[in-house]
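The number in my numbering is simply the position in the sequence shown, starting from 1, with 17 added. Note that the Cβ used here is the ideal one computed from N, Cα and C, for glycine as well.
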Amino acid sequence: MERVPHRFSRYRRFRRFGSSTLVALALALALAGGGVGTPTTATTATAATAADVNLVRNPGFESGLAGWTCSGDSGTTVSSPVRSGTAALKAAPAGADNATCSQTVTVRPGSSYTLGAWVQGAYVHLGASGTGTTDVSTWTPSAGDWQRLTTAFTTGTNTTSVTVRLHGWYGQPAYLADDVTLTGPGGGDPGEPVPAAPGGLTAGAVTASSVALSWNPVPGATGYTLYRDGTAAQNVAGTSATVTGLAPATSYRFEVTATNAAGESPRSAAVTATTAAGSGGGPDVPRHAVTGYWQNFDNGATVQKIADVPRQYDIIAVAFAEATAVPGAVTFTLDPALKYGEAQFKADIAAKQAAGTSVVLSVGGERGTVRVNDAASAANFADSIHALMQKYGFNGVDIDLENGIDPTYMTQALRALSAKAGSKLVITMAPQTIDMQSTSAGYFRTALNIKDILTVVNTQFYNSGSMNGCDGKVYAQGSVDFLTALACIQLEGGLAPSQVGLGLPASPRGAGSGYVAPSVVNDALDCLTRGAGCGTFKPAKTYPGLRGAMTWSTNWDAANGNAWSNTVGPHVHGLP
18 MERVPHRFSR
28 YRRFRRFGSS
38 TLVALALALA
48 LAGGGVGTPT
58 TATTATAATA
68 ADVNLVRNPG
78 FESGLAGWTC
88 SGDSGTTVSS
98 PVRSGTAALK
108 AAPAGADNAT
118 CSQTVTVRPG
128 SSYTLGAWVQ
138 GAYVHLGASG
148 TGTTDVSTWT
158 PSAGDWQRLT
168 TAFTTGTNTT
178 SVTVRLHGWY
188 GQPAYLADDV
198 TLTGPGGGDP
208 GEPVPAAPGG
218 LTAGAVTASS
228 VALSWNPVPG
238 ATGYTLYRDG
248 TAAQNVAGTS
258 ATVTGLAPAT
268 SYRFEVTATN
278 AAGESPRSAA
288 VTATTAAGSG
298 GGPDVPRHAV
308 TGYWQNFDNG
318 ATVQKIADVP
328 RQYDIIAVAF
338 AEATAVPGAV
348 TFTLDPALKY
358 GEAQFKADIA
368 AKQAAGTSVV
378 LSVGGERGTV
388 RVNDAASAAN
398 FADSIHALMQ
408 KYGFNGVDID
418 LENGIDPTYM
428 TQALRALSAK
438 AGSKLVITMA
448 PQTIDMQSTS
458 AGYFRTALNI
468 KDILTVVNTQ
478 FYNSGSMNGC
488 DGKVYAQGSV
498 DFLTALACIQ
508 LEGGLAPSQV
518 GLGLPASPRG
528 AGSGYVAPSV
538 VNDALDCLTR
548 GAGCGTFKPA
558 KTYPGLRGAM
568 TWSTNWDAAN
578 GNAWSNTVGP
588 HVHGLP
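Structure, rendered in structure tokens:
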């Protein structure tokens with residue numbers, strides 16, 4: 018969030034290459050290591066037999082990135098476009114990283130294999146290394162729609178594994194891949210079959226954040242993979258497991274597969290289980306809520322007291338807590354320029370809470386320098402936030418760290434705070450758009466890590482520039498498509514709809530770029546919850562439980578006659 022009226026956008030534009038540069042690039046590709054082939058389908062080696070199987074695990078990315086490793090956190094999965102099924106790989110080159118996504122597969126020595134994948138994008142490569150003979154690669158310079166790449170190889174006399182690789186090229190946009198295949202004799206014992214699907218999947222004890230599951234053993238299986246709502250949740254060796262990190266009072270669908278060296282079985286019959294409501298019922302936040310940031314400083318917007326904030330706001334985030342000399346610890350002091358007494362501030366917070374509004378303390382902002390990057394700073398963060406909650410009466414904390422976040426230790430800090438504050442704790446987040454492009458990014462990972470105690474993530478859909486949507490297309494900020502296609506990444510990436518909100522400026526002066534009229538915010542809300550009011554992008558399904566919207570700030574809203582809250586507030590509260 019900003020303390021000044023304007024801030025330049027922070028994003029990278031991809032350069033467009035001229036024809037001479039493309040020629041040079043093609044030459045570089047041909048000379049690069051790894052045996053780059055020609056931009057056509059490679060010559061097919063010995064045909065696979067009827068007994069051959071696809072050895073690639075999670076070949077269609079239906080289980081997220083399970084089984085795959087992507088360089089530099091470059092990979093994620095998208096629900097559109099896909100070649101088949103419900104997901105595809107999307108990986109974005111950046112800087113010196115060409116977005117390599119790879120998987121090591123068990124093979125047999127002296128055997129023939131055919132490698133294939135469906136790809137989309139510019140300069141997409143497919144290859145295999147560690148073959149023991151000649152490593153192979155094939156590529157396409159431009160695939161505007163799904164295009165099949167294939168190549169083949171024979172393993173060496175001592176080769177028992179190979180690495181399958183997909184990658185893009187430096188300076189190019191993200192590429193897509195789906196339905197990767199490596200067909201040939203399975204590794205392990207020559208006659209070993211793929212195991213059968215497990216039977217008897219049963220849900221046992223449930224809590225507010227976990228479900229216990231068990232199933233029957235499968236002959237020949239060496240492990241099992243649990244799926245939650247279609248996505249791989251965890252790998253286990255035995256025939257029981259407890260899935261944790263779930264949201265209270267939420268229904269989940271579970272399946273399980275059996276695995277061995279020959280491959281993965283079909284999925285079992287699904288079972289559904291609903292988590293408990295949780296102690297105390299969770300935070301007192303409405304099903305659909307409006308969040309507004311209240312400025313503890315004067316930057317030209319209307320100076321307010323907490324009591325002045327309109328009733329349309331369900332969550333007020335007091336901006337901001339400040340770093341101290343103690344690593345991870347924060348403090349808060351009212352800005353003298355506001356001429357706001359501490360006793361009145363506390364009384365105003367209590368009055369808002371009595372009227373049903375939550376008031377949280379926001380940490381960070383544009384100039385925030387809070388660092389939580391080890392166990393000590395995580396403990397200091399939790400202790401200091403809890404102390405400020407007790408002093409002022411805050412309901413919780415908002416995380417608005419725009420200079421990076423360590424998911425391991427921020428998770429640790431927020432869980433420690435939850436243990437201190439109890440089930441009514443409100444936790445909100447306000448990441449930038451770049452922070453929520455991939456589930457591997459620090460902010461997204463933190464949100465998923467604390468999903469069982471997280472209230473809402475209100476991504477800042479402004480000061481951004483163009484970004485990728487969940488369909489793999491690039492959208493410019495300032496449109497309903499930008500809001501819906503980017504929110505879709507979070508909705509399909511593992512967050513519950515109730516944990517997703519749309520963050521926008523309250524007026525053109527509230528941000529450097531990205532302001533949209535309140536009516537556009539309402540259109541985006543309708544598109545995501547009802548399937549109406551969409552632009553060119555329309556999500557594959559609706560999300561009636563979407564939490565709502567956020568604005569920076571209540572002060573800029575007041576300076577603009579409260580036009581934002583008067584328009585968006587009633588609309589949010591009227592969502593299905």
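Here D195 carries a strand assignment [DSSP, helix/strand/coil]. Ranked by Cα distance from S481, the first of S457, T219, V473 and G531 is G531. In the DSSP annotation of this structure, the continuous segment of the beta strand (DSSP E) that includes G221 starts and ends at T219 to V223. The C-beta distance from A160 to V136 rounds to 6 Å, short enough to meet the 8 Å contact threshold. Looking from the CA of T276, the closest CA among V491, T571, V73 and D331 belongs to V73.
In the three-state scheme derived from DSSP, where H, G and I count as helix and E and B as strand, D415 is classed as strand.
G77 sits close to D196, with the two beta carbons spaced by under 8 Å. Under the 10 Å beta carbon count, K369 is surrounded by 16 or more other beta carbons and is classified as buried.
P593 sits exposed, since fewer than 16 C-beta atoms from the chains shown fall within 10 Å of its C-beta. Between P327 and N579, the CB-CB gap stays under 8 Å.
Under the three-state reduction of DSSP output, N277 falls in the strand class. Sixteen is the threshold: when 16 or more other Cβ atoms of the shown chains lie within 10 Å of the Cβ of D488, as they do, the residue is buried. In the pairwise beta carbon analysis, the stretch 464 to 480 is classified as not touching the stretch 107 to 115: fewer than three pairs are separated by under 8 Å. For Y241, the enclosing beta strand (DSSP E) has its first and last residue at G240 to R245. Assigned with DSSP and collapsed to three states, V320 falls in coil, not helix or strand.
Going by beta carbons, N313 and V347 fall outside the 8 Å limit. About 5 Å separates the CB atoms of R125 and P202; that is less than 8 Å, so the two are in contact. Looking only at M567, P215, A367 and P158, the smallest Cα-Cα distance to Q449 is reached by M567. Only residues of its own chain outside the window of five on either side were considered, and among them G221, A222 and T259 have a CB closer than 6 Å to the CB of A229, listed in chain order. Within the stretch 427 to 497, the alpha helix (DSSP H) runs of at least 4 residues that lie entirely inside it are, in chain order, 459 to 466. CA-CA distance, A504 to G511, rounds to 12 Å.
Judged by DSSP in its simplified three-state form, G527 adopts helix. Runs of the beta strand (DSSP E) lying entirely within the stretch 354 to 386 and spanning at least 3 residues, in chain order: 375 to 382. Here DSSP, grouped into helix, strand and coil, assigns R165 to strand.
The Cβ neighbour count for K558, taken over all protein chains shown within 10 Å, is under 16; the residue is labelled exposed. In the three-state reduction of the DSSP assignment, T571 falls in the helix class, which pools H, G and I. For R547, the enclosing alpha helix (DSSP H) has its first and last residue at P535 to R547. Rounded to whole angstroms, the gap between the alpha carbons of D498 and Y492 is 7 Å. G309 and I333 have their C-alpha atoms spaced approximately 5 Å apart. Across the set S227, L508, A354 and A238, the C-alpha of L508 shows the shortest separation from the C-alpha of Y560.
The alpha-carbon separation between T174 and W156 amounts to approximately 27 Å.
In terms of CA proximity to Q329, A372 leads the group K437, S227, A372 and R182.
Residue pairing by DSSP places Q120 opposite V181 in a beta bridge.
Here Y310 carries a strand assignment [DSSP, helix/strand/coil].
Residue pairing by DSSP places F170 opposite Y130 in a beta bridge.
A Cβ-Cβ distance of about 14 Å is found for the pair Y187 and G138, leaving them out of contact under the 8 Å criterion.
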